[in-house]
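For reference, the structure is listed below as structure tokens.
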Amino acid sequence: MLYLFGLLCVAIIAIIVIYKKYDLMKAYYKYETDAFDKLEGQFHRQEEESKKQIEELRNIAYLNATTNIWNIDYFLEKAEKELKNEENKSSEFTLVAFNISNIGKINQLFGPTEGDKVVYFTAQTLKSLSGTSIYAQIYSNLFCILYKDKLDSYVTNSINRMYNTLLAYDSNVEIKTAYGIYKITDKNMGIMEMINYAQLAQKFIKESDEDCFKFFTTELEDTFQNNKRMSDEMEQALEDHKFVVYLQPMYDLQSYKIVSAEALVRWDYPGKGILSPYAFLPLFENTSLIQKLDYYMWEECMKTIRRWIDNKIEPTPVTINISTSHLNNGRFIDRLVALRDQYLIDRKYIILEIPEKGLTNNPVTKDIINRLHNEGFILCIDNFGSMNSPLNLLKDFPIDRIKIDRSFLAKNSESEEGLTILRYLIAMAKELDFTVITEGIETDEQKDILLEIGCDIGQGYYFSKPVDLKTFDSMNKTQVSEMFRPDEYYPSFEDYERDLDLVVQFFRNNDSSASV
Ligand code: C2E
Ligand code: MG
Numbered sequence: 002m003l004y005l006f007g008l009l010c011v012a013i014i015a016i017i018v019i020y021k022k023y024d025l026m027k028a029y030y031k032y033e034t035d036a037f038d039k040l041e042g043q044f045h046r047q048e049e050e051s052k053k054q055i056e057e058l059r060n061i062a063y064l065n066a067t068t069n070i071w072n073i074d075y076f077l078e079k080a081e082k083e084l085k086n087e088e089n090k091s092s093e094f095t096l097v098a099f100n101i102s103n104i105g106k107i108n109q110l111f112g113p114t115e116g117d118k119v120v121y122f123t124a125q126t127l128k129s130l131s132g133t134s135i136y137a138q139i140y141s142n143l144f145c146i147l148y149k150d151k152l153d154s155y156v157t158n159s160i161n162r163m164y165n166t167l168l169a170y171d172s173n174v175e176i177k178t179a180y181g182i183y184k185i186t187d188k189n190m191g192i193m194e195m196i197n198y199a200q201l202a203q204k205f206i207k208e209s210d211e212d213c214f215k216f217f218t219t220e221l222e223d224t225f226q227n228n229k230r231m232s233d234e235m236e237q238a239l240e241d242h243k244f245v246v247y248l249q250p251m252y253d254l255q256s257y258k259i260v261s262a263e264a265l266v267r268w269d270y271p272g273k274g275i276l277s278p279y280a281f282l283p284l285f286e287n288t289s290l291i292q293k294l295d296y297y298m299w300e301e302c303m304k305t306i307r308r309w310i311d312n313k314i315e316p317t318p319v320t321i322n323i324s325t326s327h328l329n330n331g332r333f334i335d336r337l338v339a340l341r342d343q344y345l346i347d348r349k350y351i352i353l354e355i356p357e358k359g360l361t362n363n364p365v366t367k368d369i370i371n372r373l374h375n376e377g378f379i380l381c382i383d384n385f386g387s388m389n390s391p392l393n394l395l396k397d398f399p400i401d402r403i404k405i406d407r408s409f410l411a412k413n414s415e416s417e418e419g420l421t422i423l424r425y426l427i428a429m430a431k432e433l434d435f436t437v438i439t440e441g442i443e444t445d446e447q448k449d450i451l452l453e454i455g456c457d458i459g460q461g462y463y464f465s466k467p468v469d470l471k472t473f474d475s476m477n478k479t480q481v482s483e484m485f486r487p488d489e490y491y492p493s494f495e496d497y498e499r500d501l502d503l504v505v506q507f508f509r510n511n512d513s514s515a516s517v
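Per our numbering: the sequence shown = residues 2 to 517.
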């Protein structure tokens, strides 16, 4: 019995010990699991943190800091991966490059802060309209999209949608964009080279074009190469005096006398003959070449006036064109004044033509125009009417003349309403004390109308095309203007007799009235 009791006690003790041990183990296990959970949580948190850091680093590397959309590095990497992906072997790709073509004007008119806002809005529009296509802001004013397996019509529709969305940005600020399209033929070509081709097509879009996009073609490339060659040859041509001054006379519409002449550049191009400025000036615009050409032309004009003076020929005041690219920086004024002093030219012989499109409220431009006026240059606004600027804009500038653009004349000389507009424009200009010149007069009727409605000076093919200096000199000598003079009235003998009778009659009447 005692034995049994002892055995029971041992068993109970054993159970208690085992239970305690189990409890301890359970507690220990619980402790271990908690620790593990803690560790696991920590690990997950760290993993999240690292992911976030990687994402941030990726953003720093791939996102544009100001517009917060993908940048050039992202585009180069992603586009290359996509093009070289074996799965895309049979896919067709189209690359579109675009920019805000009037960003310079927006900055000038509304300030750089507005310019930044416009770029930001463009970037966000690109982001929202690109769908699954790869897109990026390549640099400040160049954006790209890579389309995969999309028909041309899809691409051009997307472009039009983007164009219209951007155009509707603000009723005061128009965002104008131009798009070059390159259909990728060789997927192994460098991405930058593809972007260059798209940009090349984009450069051929003219403001007057109906579409805001252009596809790259090999013909465009040929033209581009030709243009590039011309730009490269330009400086040598300046040294070789291959650019020549042509003068187009301007006539006083009352006296039919040549009162001034516009200097217009021509390029005597080997093998091609005399080239019009339209064939090469657009290539030089927006580069320093246009300024070099202007300096050259100004000096040639001063030399011509000096030659006239030295040869005792009464100088004709010469009108010289100032390209808009000068109107952001007044440095050119010193150059003009120095040339005038060097060739000892009286200020009354130089008239400067400033294009209407260069006339803005920008304080720099205003200052330039005031300085030119203070230096004694006669100032004329060229191509007036081409931009529909209101006349009162000119009131703020010390302008002496306006030259009505030939497109404005052509548009308005055909209809009654057009003529009314022309009549009012000229009347208002005269009211504001401007001398009015009209260019592009091609017909006798146009000349008569302009004379009748008060235009002072006329220029156009009706009188003369621009001519070389030698021809101009001989025209000036013989005053070809005589051919436009209305028939002179030479009284006949009968007229003379009739006039004499009238005089006799007059005195008789006077005598008789005196005697009454
Ligand atoms: P612009 O200053 O408006 O010059 C007038 C243009 O109209 C000239 O073209 C002239 O030949 C043309 N023209 C004149 N009368 C008539 C006409 O009755 N009918 C037609 N159809 N055209 C007429 P051009 O000489 O080809 O010059 C074109 C433009 O090139 C000029 O337009 C001017 O903006 C620019 N340009 C010419 N020479 C120079 C220059 O030396 N420097 C600068 N910056 N620009 C120049
Ligand atoms: Mg002109």
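Ideal Cβ placement from N, Cα and C applies to all residues, glycine included.
Item	Value
Ordered list of beta strand (DSSP E) runs contained in the stretch 398–475, each at least 3 residues	402–405, 436–440 and 458–460
With 16 other Cβ atoms within 10 Å as the buried cut-off, status of GLU489	Residue confidence is low: GLU489 scores 48 on pLDDT, short of 50, so the model does not pin down where it sits. Its coordinate-derived value is still stated next. With fewer than 16 other Cβ atoms within 10 Å, it is exposed.
Reduced DSSP secondary structure (H/G/I, E/B, other) of ALA169	coil
Proximity test, ASN556 beta-carbon vs ligand 1 heavy atom, cut-off 7 angstroms	Lying before the first or after the last residue shown, residue 556 is absent from the chain, which here runs from 2 to 517.
Cutoff 6 angstroms; reference LEU9; Cβ partners in own chain excluding five residues on either side	none
Length of the line joining the Cα atoms of ALA179 and GLN203	6 angstroms
Cβ-based burial, SER261 [other Cβ within 10 Å; buried from 16]	buried
Selected residue, minimal CA-CA separation from ILE351, among ASN108, LEU380 and GLU315	LEU380
GLU443 CB to nearest heavy atom of ligand 1 below 7 angstroms	yes
DSSP beta-bridge partners of THR95	TYR148 and LYS184
Close beta carbons around VAL517, own chain, < 6 angstroms, minus the five adjacent residues each side	Confidence at VAL517 is low in this model, with a pLDDT of 36, below 50, so its placement is unreliable and no value can be given for it.
Opening and closing residue of the alpha helix (DSSP H) in which ALA66 lies	ALA66 -> no alpha helix (DSSP H), and no H or E assigned at all.
Alpha-carbon to alpha-carbon, TYR297 and ARG341	13 angstroms
ALA339 Cβ short of 7 angstroms to ligand 1 heavy atom set	no
Cβ neighbour criterion (16 or more within 10 Å) applied to LEU152	exposed
Short Cβ contact (8 angstroms threshold) for PHE99 with PHE144	yes
Contact check, VAL133 vs THR166, beta carbons under 8 angstroms	According to the sequence displayed, residue 133 carries Thr and not Val. Contact: no.
Beta-carbon spacing of ILE139, VAL97 below 8 angstroms	no
Under the three-state DSSP convention, the category VAL174 falls into	coil
Host alpha helix (DSSP H) of GLU240 (start-end)	219–240
DSSP bridge partner residues for ILE321 (one or two, in chain order)	LEU353
Distance between ASP406 and SER514 (C-alpha atoms, nearest Å)	For SER514, the predicted model reports a pLDDT of 47, less than 50, meaning its position is unreliable; a value from the coordinates is still stated below. SER514 and ASP406: Cα-Cα distance of roughly 59 angstroms.
Cβ pair count under 8 angstroms reaching 3, the stretch 393–402 against the stretch 361–373	yes
Where GLY377 sits in the DSSP three-state scheme	coil
Beta-carbon proximity check, GLN460 vs GLU263, cutoff 8 angstroms	yes
Residue burial classification, GLN200 (beta-carbon count within 10 angstroms, cutoff 16)	buried
Residues bridged to PHE214 (per DSSP)	TYR180
Element boundaries [beta strand (DSSP E), containing ASP269]	259–270
Near ligand 2: GLU263 beta-carbon under 7 angstroms from a heavy atom	yes
Beta-carbon spacing of ILE458, TYR279 below 8 angstroms	no
Close Cβ partners of ILE454 (< 7 angstroms) along its chain, the five nearest in sequence each way excluded	LEU423, ARG424 and ILE427
Cross-strand partners of MET251 (DSSP beta bridge)	SER261
Validate contact between the stretch 366–379 and the stretch 323–341 using beta carbons, cut 8 angstroms, 3 pairs	yes
Check whether PHE214 and ILE135 have beta carbons under 8 angstroms apart	no
Three-way DSSP call (helix, strand, coil) for GLY112 in this model	coil
Stretch-stretch touch, CB-based, cutoff 8 angstroms, three pairs: the stretch 102–119 with the stretch 54–64	no
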